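Enquirer:
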Amino acid sequence: MAEVRMPKMGDGMEEGTILRWLKRDGDTVAVEEPIAEIETDKANVEIPAEEAGVLARIVVPEGETVPVGAVIAYIGAVEGEVDRSEPAASASATAAKAEPVPVIVREGPSPGGAPQDLPREPALRVRASPLAKSVARRLGVDITQVRGTGGGVGRVVARDVLAFHEASAPRPTAPVPPPAPPRPQPAFVAKPSSDIEITKMRRAIARRTVQSKQTIPHFYLVTPVDMERALDTLTQLNARYPDGKVTVNDLVVKACAVALVKFSDVNVSFTPEERIRKHGSVNIGIAVGTEDGLRIPVVTDCEQRDLRDISAEAKKLIARTRSGAITPQEMSGATFTVSNLGMFGIEEFAAIISPPESAILAVGAVAPEVLVDERGGFVARRRMRITLSCDHRTVDGLLGAQFLQEVRRLLENPVELLTG
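The sequence shown begins at 201 in this note's numbering and counts up one residue at a time.
1. Per DSSP, what kind of secondary structure is E203 in: helix, strand or coil?
2. V461 and E503: beta carbons closer than 9 Å?
3. Does the stretch 582-595 come into contact with the stretch 409-425, if we say contact requires no fewer than three beta-carbon pairs (one atom in each stretch) closer than 8 Å?
4. Quick one: what's E246 bridged to in DSSP?
5. Pairing CB atoms from the stretch 211-231 with CB atoms from the stretch 254-268, are three or more of them under 8 Å?
6. Relative to the C-alpha of V452, which candidate in L434, P442, A439, S464 has its C-alpha closest?
7. DSSP on F544, reduced to helix/strand/coil?
8. Leaving out the 5 sequence neighbours to the left and right, which residues in its chain are closer than 7 Å to V425 when beta-carbon positions are compared?
9. Flag this pair as touching only if the stretch 549-559 and the stretch 507-521 have three or more C-beta atom pairs under 8 Å; answer yes or no.
10. Just the Cα atoms here: how many angstroms apart are V579 and S481?
11. Measure from the alpha carbon of R224 to the alpha carbon of each residue in R205, E262, Q602, V271, then state which is nearest.
12. Could you check what DSSP says for F463 in three-state terms: helix, strand or coil?
13. For the 8 Å Cβ check, are there 3 or more pairs between the stretch 393-407 and the stretch 488-496?
14. What is the rounded straight-line gap between the Cα of K413 and the Cα of S554?
15. What is the rounded straight-line gap between the Cα of I486 and the Cα of K400?
16. Taking DSSP as the reference, what is the three-state secondary structure of D426?
17. If you reduce the DSSP assignment to three classes, tell me which class D549 lands in.
18. Quick one: give me the first and last residue of the beta strand (DSSP E) that T217 is part of.
19. Helix or strand or just coil, what does DSSP make of M584?
20. Measuring alpha carbon to alpha carbon, tell me which of V245, V563, G597 ends up nearest V448.
21. Hey, how far is the Cα of E606 from the Cα of M201?
22. Can you give me the start and stop residues for the beta strand (DSSP E) that K478 sits inside?
23. Can you confirm whether the stretch 560-575 touches the stretch 532-539 when touching is taken to mean that 3 or more C-beta pairs between the two stretches lie within less than 8 Å?
24. Could you give the distance in angstroms between the alpha-carbon of I526 and the alpha-carbon of T240?
25. Hey, would you say A459 sits closer than 9 Å to F603, going by beta carbons?
Take a look at the structure:
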């Protein structure tokens with residue numbers, strides 16, 4: 201009997217939730233055939249069977265969360281082999297018990313004047329909704345006298361009780377005074393508060409951002425970038441290659457990749473053993489907002505890719521992220537991250553470092569600014585502000601400033617990004 205365990209599907213995964221079983225008890229499974237879909241703190245993924253056989257017993261039902269490594273099912277080696285360690289619960293033991301029908305007993309002497317201590321007549325059962333019973337108690341109505349119209353079987357519902365009470369109420373003999381004018385209602389009525397269950401991804405974001413701000417000493421560096429040449433270059437480049445347009449964000453990612461090769465001491469991590477780990481590759485994460493929360497797909501080996509290759513890979517990963525098809529592996533291994541909110545008109549912001557990385561670059565919107573030129577006149581230039589968040593345990597102020605200065609220089613001289 202082979203055990204199927206909750207797999208570890210990426211960095212930092214501690215638990216997973218069974219979304220749905222793709223196979224049922226007794227189904228035949230083949231090697232690498234998907235048997236269940238699970239939710240991790242990064243994505244929803246299918247898990248394959250590692251052995252062929254029969255799904256002998258499902259241990260963890262759909263909707264339940266268990267830690268990594270926990271047994272979630274058993275696969276029998278041959279058809280018909282099942283796990284007898286726990287007998288299956290009978291249907292009668294698991295079926296919901298029906299709510300007992302309320303019984304109303306009429307007391308009193310039986311026909312012929314029999315004494316009260318003789319056996320009573322059989323109980324009279326009334327089919328009535330809980331709301332009908334409540335209304336009947338409040339109005340003092342004998343519900344056994346009410347004729348039911350609900351459910352197609354004469355079940356007494358609230359409207360039957362109200363109609364019976366209105367019909368049996370005494371009619372007033374004097375004129376009824378007109379009702380008092382309604383009291384003015386407030387113009388605004390506040391809606392009640394409510395708690396919303398968060399997703400595993402939102403829980404992971406909360407945990408990682410708190411960890412980042414509590415354990416990483418952040419400091420921030422900001423610089424403006426003249427984007428006139430960069431935008432002109434993009435216009436010419438995209439006119440030549442209309443099927444694979446390059447964006448400002450692609451230029452930023454490429455500039456960061458070139459700068460990280462030159463200043464490799466920024467492409468590092470601070471380890472739990474209090475050592476500095478220098479990474480051999482430049483893997484840049486791109487922050488992507490989704491309905492479920494922030495996800496960061498990773499463009500790997502950026503130091504070996506040209507600008508158009510980085511652009512194509514980034515577009516593919518962003519599309520997979522927004523469609524929900526991204527895998528945990530495609531969101532793992534980043535050594536540096538770029539977060540861009542410029543498309544929303546945000547001119548400047550500071551991003552939180554994603555552990556275990558040492559830095560993240562926040563990119564603002566490109567906007568026209570009026571500047572004073574060298575002759576004392578005024579000139580309009582399209583500029584963009586970028587903010588570097590650094591981990592002071594690994595990157596000091598001078599190193600961070602030199603790196604950011606190189607990113608700015610490359611963006612202001614984009615021809616170097618086309619030839620690298």
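We put the beta carbon where it would ideally sit given N, CA and C, even for glycine.
None of these values were measured; they are calculated from a predicted model.
Expert: Working from what's here:
1. strand
2. yes
3. yes
4. E237
5. yes
6. L434
7. helix
8. R583, M584, I586, R608, L611, E612
9. no
10. 41 Å
11. E262
12. coil
13. yes
14. 10 Å
15. 20 Å
16. strand
17. This sequence places Phe at residue 549; Asp is not what is there. Three-state DSSP puts F549 in coil, outside helix and strand.
18. 215-221
19. strand
20. V563
21. 59 Å
22. 476-478
23. yes
24. 12 Å
25. yes
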